[in-house]
Amino acid sequence: SQQGEEDPQALSIQEGENATMNCSYKTSINNLQWYRQNSGRGLVHLILIRSNEREKHSGRLRVTLDTSKKSSSLLITASRAADTASYFCATMNSGYSTLTFGKGTMLLVSP
Amino acid sequence: GAGVSQSPSNKVTEKGKDVELRCDPISGHTALYWYRQSLGQGLEFLIYFQGNSAPDKSGLPSDRFSAERTGGSVSTLTIQRTQQEDSAVYLCASSPLGAYEQYFGPGTRLTVT
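The listed protein sequences derive, respectively, from chains P and R. Under this note's numbering, the residues of the first sequence are numbered 10 to 120, in order. Under this note's numbering, the residues of the second sequence are numbered 4 to 116, in order.
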């Protein structure tokens with residue numbers, strides 16, 4: 010069953026613009042992760058934020074986590090055409106090692 | 004280093020046949036996961052192996068699905084008497100001990116006709 014819900018389902022922007030994707034979840038978590046998927050095949054891990062963290066950066070990525078609202082956001086700054094992909098949030102519950110994925114946001118970055 | 008590999012990359016089978024999907028995790032990774040991705044259901048967890056512990060099979064959708072992991076490395080997911088609703092991309096991932104992030108293979112696209 011789905012834990013996370015991403016918003017928006019699809020996002021279309023121009024190169025150089027920032028892209029923001031949101032994720033909401035339902036239960037208490039140990040950590041939340043974001044993954045990217047190109048062409049419907051393998052997923053690539055982007056960034057992980059633990060439940061006791063509020064913000065994390067990695068290159069052009071910025072992730073925030075609000076456990077009181079059970080929500081997270083992924084910001085990609087200065088987007089590039091190569092960022093075109095589907096982005097998924099995934100939650101890991103305390104005491105578990107498996108991920109529960111949201112339905113993803115399809116990001117299209119036009120040159 | 005080599006990533007997670009899966010074979011075959013594509014599999015077309017007739018309804019009612021059995022299929023085996025293979026996953027080679029990253030060397031040294033103790034955890035191995037199988038997920039299924041379909042248009043209607045998104046990404047679903049199927050089964051999880053950690054070292055020599057009993058696998059977590061809580062995500063398997065029916066008893067037609069089974070998986071094994073030999074020698075703590077290669078894993079095979081078997082689907083018996085395939086149905087059209089089994090059509091999906093089957094993804095395998097592995098993870099080193101103590102790590103939370105997972106490393107995914109390219110997936111096997113299964114089409115049941």
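Ideal placement from N, C-alpha and C gives every residue a C-beta, glycine not left out.
Under 8 Å from the C-beta of residue i: neighbouring residues of chain P
i                : result
Glu104 (chain R) : Gln42, His54 and Leu57
Per-residue DSSP class, three states only, for residue i
i               : result
Gln53 (chain R) : strand
Asp89 (chain R) : helix
Chain-order list of residues whose beta-carbon lies under 8 Å from that of residue i (same chain, five-residue window excluded)
i               : result
Ser90 (chain R) : Ser41, Leu113, Thr114 and Val115
Pro58 (chain R) : Ile50, Tyr51, Phe52, Ala70 and Arg72
Residues near residue i by beta carbon distance below 7 Å, same chain, minus five either side
i               : result
Gln83 (chain R) : Asp21 and Arg67
Lys79 (chain P) : Ser33, Tyr34 and Lys35
Environment of residue i [buried if 16+ CB atoms lie within 10 Å]
i                : result
Ala99 (chain P)  : buried
Pro28 (chain R)  : buried
Val15 (chain R)  : exposed
Asn47 (chain P)  : exposed
Leu100 (chain R) : exposed
Val53 (chain P)  : exposed
Ser10 (chain P)  : Legend: pLDDT at Ser10 (chain P) = 45, less than 50; position of this residue unreliable, value from coordinates given subsequently. With fewer than 16 other Cβ atoms within 10 Å, it is exposed.
Cross-chain neighbours of residue i in chain P, by beta carbon under 9 Å
i                : result
Leu63 (chain R)  : Those within 9 Å of Leu63 (chain R) in chain P number zero; the least Cβ separation is about 12 Å.
Pro109 (chain R) : Arg50 and Gly51
His94 (chain R)  : The sequence given here places Leu at residue 94 (chain R); His does not occur at that position. Here the neighbours are Arg50, Gly51 and Leu52.
Ser59 (chain R)  : The sequence shown places Asp at residue 59 (chain R), not Ser. Tyr105, Ser106 and Thr107, listed in chain order.
Phe48 (chain R)  : Thr107, Leu108, Thr109 and Phe110
Gly45 (chain R)  : Gln11, Phe97, Phe110, Gly111, Lys112 and Gly113
Neighbouring residues, chain R, relative to residue i (Cβ below 9 Å)
i                : result
Gly101 (chain P) : Note on identity: in this sequence residue 101 (chain P) is Met, with Gly being the wrong assignment. Those within 9 Å of Met101 (chain P) in chain R are Tyr103.
Per-residue contacts from residue i into chain P (C-beta, under 7 Å)
i               : result
Tyr51 (chain R) : Ser106 and Thr107
Ala34 (chain R) : Ser106
Could you name the residues of the stretch 106–118 of chain P whose beta carbon sits closer than 8 Å to any beta carbon of chain R, in the order they occur along the chain?
-> Ser106, Thr107, Leu108, Thr109, Phe110, Gly111, Lys112 and Gly113
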